[in-house]
Amino acid sequence: MQIGTLALDNRVIIAPMCQYSASDGSPGDWHLIHLGHLALSGAGMLIMEATAVSPEGRISPADLGLYSNANERDIARLLAAIRAHSSIRIGMQLGHAGRKASTRAPWEGGGQVRPSEPGGWQAVAPSPLPHLPQEVPPLALDRQGLAKIRQDFATAARRAGRLGLDGIEVHAAHGYLLHQFLSPLGNQRDDEYGGSLENRMRFPLEVFDVVREAFPSERPVWVRVSATDWVPDGWDIEGTVALSKALEPRGCAAIHVSSGGVSPRQSIPLGPGYQVPYASRVKREVTMPAIAVGLITDPHQAEAIIADGEADAVSLARAILYDPRWPWHAAAALGAQVSAPRQYRRSQPRELKNLFRED
Ligand SMILES: Cc1cc2nc3c(=O)[nH]c(=O)nc-3n(C[C@H](O)[C@H](O)[C@H](O)COP(=O)(O)O)c2cc1C
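Going by the working numbering, the letters in the sequence shown line up with residues 5 to 363, in that order.
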């Protein structure tokens, strides 16, 4: 399949997954181990975790970032090591946490690190509304603040271009900054960035434009969205369709369709493939590919989503952490072929003589 000009080996995409294991935004050995083994999975693309465009845009102090020369140097080293042993396509998700910044890693209990606490900082957002009532509210962004964030996205996109990344996913999902602008639950501004749907889409579209402009034109930029807030009067699928239609002519190469994250009032009917109908709806409304994600765990389920035309690709997060050879096992179950490193080819099961393909 193609995402813009980028050809993927197959339609399995590894979803971005925060590791809360970086130092001052830079990856370390954990990232080499984690991304290294996922790079041997045979998936069509690996999307690196939410990578902050500024220190204050990190979700936690241990988030990956691409805002300094040191970050760029350390990510270059990481990518060189992975590329020496894998030809997997590698994308990066660029994001800004907005009001969900300055939190603890999940294994430290999550929750806000207050600006007055060690390691904490003051979050910014479209409006001074906290994500949770007990939190210190974010500061509402003024014009200068918005300009800085556009600039930070552009600078990070230029760095990503220099790093040779195959594509950029702009993170506009899960209640982070760009989703906060889209959703009436996070955005109560009364200037041209709030109120009507057109106004709420303005800042996310501006950010998309600067990223598209700063990243080499022959490589794709696409957007991850939350298709619905799962809260009455929140952001919804009609807004998502309008956003997708506005993004397509601006050069967006795909839409990665997730949901939720902007409000603790959300009520999500979890179940296998629970977000797939939203990807299908977007796919019907635009011509760029739609990527489905969310509790896609079984190869036959994944194959049906593609074969029935519900989405153009499937993206996996937890299932591929649980089984990092998921694409091998899917290829085996579906009678397909998958690329595997030459060092591992002797593991090919006796009854599956054509499972592994030489790169
Ligand atoms: C450990 C972990 C970290 C995640 N980090 C991110 C992230 O950085 N960016 C993002 O958009 N989604 C993130 N997600 C959400 C996943 O990309 C995915 O949308 C979600 O887990 C649903 O897919 P699944 O059912 O295959 O896990 C994360 C999920 C997990 C489990």
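Positions of the beta carbon are idealized from the N, C-alpha and C atoms, including for glycine. This structure is a prediction, so every number in the text was calculated from the model and none was measured.
1. Would a C-beta distance cut-off of 8 angstroms place glutamate 252 and valine 290 closer than the cut-off?
2. Assess, as a yes-or-no matter, whether the segment 40-59 is touched by the segment 152-164 under the definition of 3 or more beta carbon pairs within less than 8 angstroms.
3. Just to check, is the beta-carbon of valine 297 closer than 7 angstroms to a non-hydrogen atom of ligand 1?
4. List the endpoints of the continuous beta strand (DSSP E) containing leucine 98.
5. Count the other CB atoms, across all protein chains shown, that sit within 10 Å of the CB of glycine 198; report buried if there are 16 or more and exposed otherwise.
6. Excluding the five sequence neighbours on either side, which residues of its own chain have a C-beta within less than 6 angstroms of the C-beta of asparagine 14, listed in chain order?
7. Closer than 7 angstroms to a non-hydrogen atom of ligand 1 - does that hold for the CB of isoleucine 300?
8. Say the cut is 7 angstroms; is the CB of proline 188 nearer than that to a heavy atom of ligand 1?
9. Hey, would you say leucine 181 sits closer than 8 angstroms to histidine 260, going by beta carbons?
10. Classify methionine 5 as helix, strand or coil using the three-state DSSP reduction.
11. Between which two residues does the alpha helix (DSSP H) containing tryptophan 34 stretch?
12. Just tell me which of His183, Ser72, Ser343, Ala85 has its CA closest to the CA of glycine 238.
13. What do you reckon, is the C-beta of alanine 317 under 7 angstroms from a heavy atom of ligand 1?
14. Would leucine 10 pass as a contact of arginine 87 if the rule is Cβ separation under 8 angstroms?
15. Would you check whether ligand 1 has a heavy atom nearer than 7 angstroms to the C-beta of serine 262?
16. Is the Cβ-Cβ distance between aspartate 67 and alanine 54 less than 8 angstroms?
So, from the data block:
1. Result yes, Cβ atoms of glutamate 252 and valine 290 sit closer than 8 angstroms.
2. Yes: at least three Cβ pairs fall under 8 angstroms.
3. It does: the Cβ of valine 297 is within 7 angstroms (strictly closer) of some heavy atom of ligand 1.
4. For leucine 98, the enclosing beta strand (DSSP E) has its first and last residue at 93-99.
5. Around the beta-carbon of glycine 198, 16 or more other beta-carbon atoms lie within 10 Å, marking it buried.
6. These residues qualify, in order along the chain: Gly48.
7. Residue side-chain check: isoleucine 300 places its Cβ nearer than 7 angstroms to a non-hydrogen atom of ligand 1.
8. For proline 188, the CB stays at least 7 angstroms from every heavy atom of ligand 1.
9. Not closer than 8 angstroms, so no.
10. Secondary structure of methionine 5 (DSSP, three-state): coil.
11. Looking at the DSSP string, the run of the alpha helix (DSSP H) that includes tryptophan 34 is 33-43.
12. Considering only alpha carbons, the answer is His183.
13. With a cut-off of 7 angstroms, the C-beta of alanine 317 is classified as distant from ligand 1, since no heavy atom of the ligand falls inside that distance.
14. Taking 8 angstroms as the Cβ cut-off, leucine 10 and arginine 87 do not qualify as a contacting pair.
15. Placement of the Cβ of serine 262 at a distance of less than 7 angstroms from at least one heavy atom of ligand 1 is found.
16. Against a cut-off of 8 angstroms, the Cβ pair of alanine 54 and aspartate 67 comes out as a contact.
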